[in-house]
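Here is the structure we will look at.
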Amino acid sequence: MSDNYRSREERRRAMNDNKPEGKSQGKPKKKKKGGLFRKIVAAVLLIGIIGLIAGVGTFFAMISDAPKVDDSVLKNSFSSKVYANDGKTVVKEIGAQKRTYVQYDEIPQVVKNAFIATEDVRFYKHHGVDFYRIGGALMANFKNGFGAEGGSTITQQVVKNSFLSPKKTVKRKVQEMWLAYQLERKYSKQQILEMYLNKIYFASGEVYGIERAAEKFYGVKSVKDLTLDEAAMLAGLPKAPTTYNPVTNPENATKRRNTVLNLMAKNGFITQAEADKAKQVDVQAHLAKQTESTSKYDVFIDQVIEEVKKKTDADPFSAGLEIYTTLDTNAQDYVDDVMNNKVVNFPNDKFQAGLVVVDNETGGIQAIGGGRNRVSGGLNFATNMRRQPGSTIKPILDYGPAIENLKWSTGQPLKDEEYHYSNGTPIRNFGRNYKGWVSAREALGRSLNIPALKAFQATGADKAKEFATGLGLKLDEEDGEAYSESYSIGGFRTGVTPLQMAGAYSAFANEGMYNAPHTVTKVKFPDGTEIDLTPKPKRAMQDYTAFMMTDMMKSVVNESYGTARAVRTPGLEIAGKTGTSNFSAADKQRYNIPDAGEKDVWFNGFTPNYTISVWTGYETPKDGYILSPNETGMAKNIFKHVITHISEGKPKGSFKQPDSVVERSVEKPTGKDLKRPSGSTPSSLITKEYFVRGTAPTKVSQTFVKKEKEEKKEDKKENKKEKKDNKDVKPKITASYSGGAISVNWSASNAASDTTFTVTMSSPNGSEQLASGAGAGGKTISNPAPGATYSFTVTTNTGESASSSVKVPDSSDQATEDDSTKPEDDGTTDDNQNEDNSNTDQNNGSDQGDDSSTQPDDNQNNNNGSNNGSNNGGNNSGNTDNNNNDSGNANDGNSGNNSNNGGTTTPPADNGGSDSGSQTPQTPATPSTPATPATPQQEPTTEN
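Those letters in the sequence shown? Residues 4 to 947, by the working numbering.
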């Protein structure tokens with residue numbers, strides 16, 4: 004057998020082959036069902052087991068270095084050190100010195116129920132960790148990101164505040180859960196709740212523990228004396244001690260207390276009727292008077308504590324922290340002096356102020372002025388008090404967004420005119436007047452409301468909101484209402500704080516980069532862990548927006564129309580904005596406040612290094628209102644003192660123009676478009692403004708070019724008219740010899756008031772000008788040369804002329820005439836006498852007579868006489884004006900006014916005054932101030 008088959012396998016095959024054909028081979032084997040499913044289940048189980056092993060391993064790895072549950076740490080506290088901005092100076096050590104420990108049995112059930120309903124409603128059902136609550140927290144974290152919401156129980160909070168760092172990491176959370184489980188194994192629920200209620204933080208001023216909080220807020224000797232509404236209020240505080248403080252924020256506190264009451268009713272701790280009754284109690288009705296005064300730097304440190312708790316969840320009073328801050332002790336000491344009436348003189352004890360000083364580059368708060376006469380835990384007017392900002396909001400909601408989004412220039416034309424909101428409500432400027440077309444710069448400098456609203460409308464509420472949010476102002480979220488047009492001039496329901504405004508304005512000075520204002524830079528924990536709390540800078544606006552808005556706000560300080568000229572400080576480049584807000588009509592009537600009384604006065608200003616926001620006013624309307632110049636100017640006064648002090652000995656710096664901005668000369672706005680000035684633009688109407696590069700105007704204004712052309716056209720037209728009119732001007736000149744003298748008179752028919760005459764004389768001695776000036780006139784030539792001919796020409800400014808000449812008789816004729824002339828005496832009159840009378844007009848004649856005549860004495864050779872032309876006779880005076888016609892009074896010679904009508908002309912007075920007197924032969928032949936000549940002895944010749 005073995006010889007034929009090599010193996011058993013071969014033998015089997017042979018046997019199978021020898022079976023008869025057709026004999027059934029049996030049914031084929033069926034595949035086993037469910038094989039794939041079993042494999043999947045097995046794989047899942049395997050992965051689960053591996054995951055479990057890995058998870059357990061990871062879990063034990065994470066808890067391997069968890070701290071031990073230490074009784075001393077649970078019941079004792081470790082103080083924390085607060086450092087100034089130099090990182091070395093310890094300004095305060097805060098700890099547990101203001102904590103009163105109370106036993107579980109001494110805590111009333113209403114207090115326990117209030118905290119359990121609010122913080123951990125399943126406290127008595129879980130073993131340190133509430134997985135139901137964790138599930139809800141996971142959903143919130145999935146939607147909003149890790150760390151958005153916590154699921155910590157009261158037990159976990161005790162662990163976290165006692166043993167762990169506040170870092171929101173998976174490892175810390177795992178350790179927290181493990182230690183909570185360990186704590187529940189070691190201590191009873193009652194003991195854990197007792198630890199919790201004695202550790203939690205309630206308010207600034209180191210108020211820790213339920214017993215201390217009861218005493219602080221309600222003045223009770225024991226926590227047992229707390230009522231339902233009071234217990235609910237205290238239970239709501241730990242979530243946000245400052246926000247829900249009933250002393251400083253009664254509105255928020257009321258909402259929070261009512262939430263706690265609703266939770267107590269929902270979970271069966273009280274009835275709904277009890278909850279509703281407790282809600283009716285005023286949240287401030289039972290508050291104790293806050294009398295504990297603050298100590299040095301308390302105002303600043305209160306803000307430090309709030310930041311540490313908010314950003315780390317650590318307890319600064321028990322966690323043994325090292326807290327590094329931005330506090331500038333020199334600046335804070337000076338601000339404290341300001342608040343204590345050592346620098347400025349406040350009008351009264353109730354007048355309040357709040358201010359914040361911020362470093363522009365880092366956002367670090369240098370100093371805080373929380374208010375005057377403050378008590379520990381009282382209202383902080385710099386960080387907690389919210390008031391309407393008035394016009395200080397205009398750079399943030401109006402002009403800033405317009406430059407950012409519409410690329411407006413600093414010279415953007417805006418028409419200040421009668422206007423209204425979109426709903427038809429009128430809007431007015433503070434001064435109840437309108438300026439017409441103004442630049443955005445001037446509108447901001449004058450704090451005009453109407454251009455501000457137009458800027459807000461041009462950009463839109465959404466863009467304004469986006470711009471403000473980038474500067475840390477979430478106005479609609481905080482106010483609970485949508486942006487409205489009244490926001491453009493600061494009409495908020497609630498308002499803003501100086502802390503917020505300082506942070507927002509500092510971005511303008513920091514080239515558009517926003518750093519959230521903060522007091523803490525880092526925190527170091529006992530285990531050596533450090534957390535950097537310095538906010539990261541973010542771009543809030545373009546550099547061109549920051550620079551151009553800054554330059555506009557410099558005009559508020561520097562220009563003659565600016566509202567903040569009082570803050571000018573030598574050597575410092577300052578920009579800023581003023582703002583005021585008014586009382587409601589109801590408050591005015593209730594508290595008898597005059598119309599001029601103001602509720603809030605602000606000044607937000609900055610240099611290249613620092614920003615300061617200052618608010619001034621009264622805490623409540625019943626305390627007072629701002630009216631006097633000292634009160635209205637206090638915010639600016641405080642700013643000027645503080646900015647001067649903190650800038651001493653430091654580089655002043657300057658605001659640098661970025662490459663994205665260009666400066667151009669433009670015409671001051673007269674319409675909706677800016678244009679470059681022309682050569683005809685008056686220099687007083689040319690100004691320089693800043694533009695985003697690429698947007699400067701290229702068109703040259705034709706306004707004054709057109710005016711110049713129109714003026715030239717008008718001048719040409721006028722000249723043409725004058726020329727036409729001047730054609731009708733007919734000058735006349737007469738010359739006559741009598742009594743040894745030549746009388747020359749000139750005038751013109753149809754002469755205008757501005758017609759001028761130039762008279763020249765030609766004689767044997769040559770040519771000379773006799774007179775030049777406006778109006779008709781005359782001259783007398785004494786002792787002319789015998790036998791000589793004298794020629795006279797009159798020329799008007801219109802170019803028309805006339806001539807006349809006269810021949811002097813020869814010596815023989817002269818002698819005869821002289822013999823017949825017998826003057827009574829030497830009638831020479833002193834020039835001064837004639838000058839004294841030179842403004843007396845004796846010319847009463849007119850052109851109404853038919854003939855010109857004289858009335859000589861009986862002896863015609865006697866020159867002593869007086870010719871007075873009148874409107875009633877035929878004698879008409881020559882046309883002279885008051886400046887040229889003088890009265891002559893002489894003993895000899897002809898004195899009077901002579902008519903100029905008709906062929907015979909009697910000379911009027913001379914331009915320079917009338918010279919009355921006889922013509923003495925010895926007097927040389929030179930022109931003199933004429934007396935009225937006698938009737939001419941010969942007919943003159945007139946040449947036109």
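Virtual Cβ for every residue (Gly too), placed ideally from N, Cα, C. Just so you know, these numbers come straight off a predicted model, no measurement behind them.
- [ ] Give me the Cβ distance between Ile-649 and Ala-334, rounded to the nearest whole Å; I'm assuming they're in contact under 8 Å.
- [x] 5 Å
Task: Identified DSSP bridge partners for Leu-48 - done: DSSP lists no partner for Leu-48.
TODO: Reducing DSSP to helix, strand and coil, say where Ser-489 ends up.
DONE: helix
TODO: For Met-552, I'd like the list of residues in its chain whose CB is within less than 6 Å of its CB, leaving aside the five on either flank, ordered along the chain.
DONE: Pro-398, Gly-403, Phe-511
- [ ] Kindly identify the DSSP beta-bridge partner or partners of Arg-542.
- [x] Met-516
Open item on the list: Please return the same chain residues whose Cβ sits closer than 8 Å to the Cβ of Ala-699, not counting the five positions on each side in sequence.
Closed with: Ser-412, Val-665, Arg-667
Open item on the list: Considering just the uninterrupted stretch of the alpha helix (DSSP H) at Gln-194, what are its terminal residues?
Closed with: 192-202
Task: Straight-line Cα distance separating Ile-615 from Asp-316 - done: 30 Å
- [ ] Could you give the DSSP three-state label for Leu-409: helix, strand or coil?
- [x] helix
TODO: Alpha carbon to alpha carbon, how far is Ser-746 from Ser-921? Give it in angstroms, no decimals.
DONE: Bear in mind that the predicted position of Ser-921 carries a pLDDT of just 37, short of 50, making it too unreliable to give a figure here.
- [ ] Give every residue of the same chain whose Cβ lies closer than 8 Å to the Cβ of Gly-627, excluding the five residues on either side of it in the sequence, and list them in chain order.
- [x] Asn-351, Lys-353, Phe-354, Tyr-621
Open item on the list: With three or more C-beta pairs closer than 8 Å as the rule, is the stretch 122-134 touching the stretch 91-111?
Closed with: no
TODO: Would you kindly work out how many angstroms separate the C-alpha atoms of Val-302 and Asn-383, rounded to a whole number?
DONE: 8 Å
Open item on the list: Does the distance between the C-beta of Phe-303 and the nearest non-hydrogen atom of the ligand MN fall short of 6 Å?
Closed with: Looking at this structure, you won't find the ligand MN or any other ligand, since it has none at all.
Open item on the list: As a quick exercise: from Lys-675, Ser-765, Thr-522, pick the residue whose alpha carbon is nearest that of Ile-304.
Closed with: Thr-522
- [ ] From the DSSP output, in three-state form, read off Ile-629 for me.
- [x] strand
- [ ] Can you say whether Phe-658 is buried or exposed, counting buried as having 16 or more other CB atoms within 10 angstroms of its CB?
- [x] buried
Open item on the list: Is there a C-beta anywhere in chain B that falls below 7 Å from the one on Ala-45?
Closed with: Among the chains of the structure shown, chain B does not appear; only one protein chain is present.
TODO: With DSSP collapsed to three states, give me the class of Tyr-594.
DONE: helix
Task: Own chain, CB closer than 7 Å to Ala-519, minus 5 neighbours either side, in chain order - done: Gly-366, Gly-475, Gly-506, Pro-538
Task: Pro-429 classed as buried or exposed, judged by whether at least 16 other C-beta atoms fall within 10 angstroms - done: exposed
- [ ] Name the two residues that bound the continuous alpha helix (DSSP H) containing Gly-439.
- [x] Where Gly-439 is concerned, there is no enclosing alpha helix (DSSP H), although the beta strand (DSSP E) it sits in stretches over 439-442.
Open item on the list: On the criterion of 16 or more Cβ atoms from any shown chain inside 10 Å, does Ser-898 qualify as buried, or is it exposed?
Closed with: Because the pLDDT at Ser-898 is just 35, under 50, the model does not fix this residue reliably, and the point stays unresolved.
Open item on the list: Rounding to the nearest angstrom, what Cα-Cα distance links Thr-932 and Thr-706 in this structure?
Closed with: Confidence in Thr-932 is poor, its pLDDT being 41 and thus under 50, which makes the residue's placement unreliable; the coordinate value appears in the next sentence. Taking the straight line joining both Cα atoms gives about 53 Å.
- [ ] Let me know the alpha helix (DSSP H) ranges lying completely inside the stretch 107-140, each 4 residues or longer, listed in chain order.
- [x] 112-122
Task: For Glu-771, the residue or residues it bridges with in DSSP - done: Met-764
Open item on the list: DSSP three-state label for Gly-393, please.
Closed with: helix
Open item on the list: Please report the straight-line C-alpha distance between Lys-282 and Ala-216, rounded to a whole angstrom.
Closed with: 20 Å
- [ ] Please go through the same chain and pick out, in chain order, the residues whose beta-carbon is closer than 7 Å to the beta-carbon of Asn-585, but skip the five residues on each side of it.
- [x] Glu-601, Lys-602
Task: Same chain only: Cβ atoms within 6 Å of Ile-371, ignoring 5 sequence neighbours per side - done: Val-302, Phe-303, Val-359, Ala-385
Task: Classification of Thr-156 by the beta-carbon crowding that lies within 10 angstroms, buried from 16 upward - done: buried
- [ ] Would you tell me roughly how many angstroms separate the C-alpha atoms of Phe-606 and Lys-643, rounded to the nearest one?
- [x] 10 Å
Task: Exposure of Ile-195, with buried meaning 16 or more beta-carbon neighbours within 10 Å - done: buried
- [ ] Mind the definition here: the stretch 631-645 touches the stretch 322-331 only if three or more C-beta pairs lie below 8 Å; say whether that holds.
- [x] no
Open item on the list: Is the beta carbon of Arg-571 closer than 7 Å to that of Val-559?
Closed with: no
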